Every structure is written in C-alpha cells, then in structure tokens.
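Colleague: I'd like to ask some things about the structure below.
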Amino acid sequence: DQQVKQNSPSLSVQEGRISILNCDYTNSMFDYFLWYKKYPAEGPTFLISISSIKDKNEDGRFTVFLNKSAKHLSLHIVPSQPGDSAVYFCAASAPRVTDKLIFGTGTRLQVFP
Amino acid sequence: DAGVIQSPRHEVTEMGQEVTLRCKPISGHDSLFWYRQTMMRGLELLIYFNNNVPIDDSGMPEDRFSAKMPNASFSTLKIQPSEPRDSAVYFCASRPTGGTLNQPQHFGDGTRLSIL
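Here you go:
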C-alpha cells in the first residue's frame, strides 16, 4: 500500500519554462512534506519542505504547494535550468508521532535547451 | 562541513558472504536512518536510531539483516548471509532532533551492493 505516490515517472521540460512535479498521499496523519533531488551516484539532497499549517513555501526558483483537502502537493521550478535535470522524490512524515519519512517512487525531470 | 559518510561506495561479493556497510552521521545529529533503494520498491526505510537506540526496525526485511549504532558517530548495517535479492543501493541519513520539530534528513552517497 503506497502512501506517497508520484504518478509521473518522468517529465521533460524546455529550459526557461516551468516544471511542475506532483505528489499525492493517502495518510491524513502526514503533516510535514519534503522534496529531495537526486543525481546519479549521489544521495538524495534536501530541496524544500512544507508544514501542513501552510499551503505554500517558496525558496528562490522552487515553490511547493500543499492542498490538504486533496492530499496533494506539487513542486514548481521556475525557470527550469539544465542543472535541474535529476530525479525528484516527494516524502511525507508525521513528526509528532515518528521520525520516519515515507518516500514516493520519484519523477525523473529532464530539462533540455 | 562534512556530510554523512558511507563506506564502501561499492561492494561486490558472492552469495552467502557477510556484508558490512558503514555510516558516519553528521556531527551533532542524533538520529540516524538506514534506507534501501531498489527499482521495485523505491526508497524504503529499514531502521532508524535516536541517540544510538533503535526506535523502529519494522522495515528490516528479515533476520539476516542487523544494524548497530555503538556510538553517536558510527553505525553499521550487516547482512549475513547475503543473497542476490539483497542487491540494491543502501543509503544512510542523519538529522538533528533538537530545536524545531521539522528537520530534514541529510543523506550520504550510498553503498551500491551487488551480490553474485
């Protein structure tokens, strides 16, 4: 039973345009969400997070949106750059209960010139 | 600042052999996590420690897997005996638990394990 789902295994976007990566979750106990970026042969790198008390968090070119009623979050990258090409993982947790992170299966983003 | 350090980066061994993976967390981080990444199951948590104490090992696949954290700066994940289906990339991560409730985990670069 997959509690965190990333239904798009891959996404291809032109440089300069917006990349939108989506993530759905099923467990209503989750109240902290993170996005990680992963390059080949490296570990996941923390990118941005959002707490359930917010519906938006922005950090430079990266913005995460949270829709609690739909149990959906998305990561927007504007403008997309070739260096953003990587696998992006969505993760969710219930930090008041456990330190566990539940990861989605990832979306491979390719940004082409 | 040094990040999470894992060793070895690659391990190739024959079925039945004992495998030991090592992790040094970021100094000052008191939670440590072991993950396994496979094509079939993605990134899954095996076990995590708080202050060197195992808190949740529900993700450990079977008795062939064991993990220890003898001190705040070192942890091992051991597989004995190893099997071909254990082939995967194993990641270690750490995070501080003090301060604010929400702190991201920081990952090492992983150990790519191949069991022949």
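Chains A and B, in that order, give the protein sequences.
Sequential numbering of the first sequence, starting at 6, is according to the working numbering.
Sequential numbering of the second sequence, starting at 8, is according to the working numbering.
Glycine included, C-beta positions come from ideal geometry on N, C-alpha and C.
These numbers come from a predicted model, not from an experiment.
1. Alpha carbons only, please: which of B/Met-46, B/Tyr-55, B/Gly-23, B/Met-22 is nearest the one belonging to B/His-36?
2. Can you grab the Cα-Cα spacing for the pair A/Ile-58 / A/Lys-73, in whole Å?
3. With DSSP as the reference, identify every bridge partner of A/Ala-91, one or two as the case may be.
4. How many angstroms separate the CA atom of A/Thr-110 from the CA atom of A/Asp-64?
5. Nearest-angstrom Cα distance between A/Pro-14 and A/Lys-42?
6. Report the three-state DSSP secondary structure of B/Gly-70 (helix, strand or coil).
7. With distances taken from CA atoms, which of A/Val-92, A/Lys-61, A/Arg-101, A/Lys-76 is nearest A/Ser-33?
8. Would you call the region 79–93 of chain B in contact with the region 23–38 of chain B, where contact means no fewer than 3 C-beta pairs closer than 8 Å?
9. Closer than 8 Å, CB to CB, is B/Asn-109 near chain A or not?
10. In angstroms, rounded to a whole number, what distance separates the CA positions of B/Phe-40 and B/Ser-101?
11. Taking 8 Å as the cut-off, decide whether the C-beta atoms of A/Ser-90 and A/Arg-22 are in contact.
12. Could you tell me the alpha carbon to alpha carbon distance between B/Lys-75 and A/Ile-55, rounded to whole angstroms?
Modeller: Reading from the atomic positions:
1. Nearest of B/Met-46, B/Tyr-55, B/Gly-23, B/Met-22 to B/His-36, Cα basis: B/Tyr-55.
2. Rounded to the nearest angstrom, the two C-alpha atoms are 9 Å apart.
3. Note: A/Ala-91 sits in a beta bridge opposite A/Leu-114.
4. Distance between the alpha carbons of A/Thr-110 and A/Asp-64: 23 Å.
5. Going from the Cα of A/Pro-14 to the Cα of A/Lys-42 covers about 14 Å.
6. In the sequence on display, residue 70 of chain B carries Asp and not Gly. In the structure shown, B/Asp-70 sits in coil (DSSP, three-state: anything other than H, G, I, E or B).
7. The shortest Cα separation from A/Ser-33 among A/Val-92, A/Lys-61, A/Arg-101, A/Lys-76 belongs to A/Lys-76.
8. Verdict: yes, contact present.
9. Against chain A, the CB of B/Asn-109 has a partner CB under 8 Å away; the residue lies at that interface.
10. Distance between the alpha carbons of B/Phe-40 and B/Ser-101: 6 Å.
11. In this structure, A/Ser-90 keeps its C-beta atom at 8 Å or more from the C-beta atom of A/Arg-22.
12. Straight across, the Cα-Cα distance linking B/Lys-75 with A/Ile-55 is about 32 Å.
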